[in-house]
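Numbering (this note's numbering), first residue to last: 1294 to 1377.
This is the structure we're talking about:
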């Protein structure tokens, strides 16, 4: 995809999925992908879905959009770096 910035990922994903980038929409989109043809897309979406539960506690907002997830992850890791 030759993406340089997270905002490019967001823009391209919105075009591809044609809807809000929520957990449920990404999951639905992933199920439509054929792993034999677009395997890399299926892997990419799978990785994006893992970002929703970045604290790995299985409690997350399924309606939050990917852009907010990226923002939250960035803030989370900045806090961790500043504590060290």
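Where is the CB? At the ideal position from N, CA and C, for every residue including glycine.
Here the structure is a predicted model, which means the values were calculated and not measured.
Setting aside the 5 residues that flank it on each side, residue 1317 is surrounded in the same chain by 1355, each with a C-beta closer than 7 Å to its C-beta; the list follows chain order. DSSP, read as helix, strand or coil, puts residue 1312 in coil. Counting of Cβ neighbours within 10 angstroms places residue 1315 among the buried residues, the total reaching 16 or more.
Of the candidates 1373, 1359, 1334, 1335, the residue whose Cα lies closest to the Cα of residue 1346 is 1359. DSSP places residue 1371 in the uninterrupted alpha helix (DSSP H) bounded by 1359-1376.
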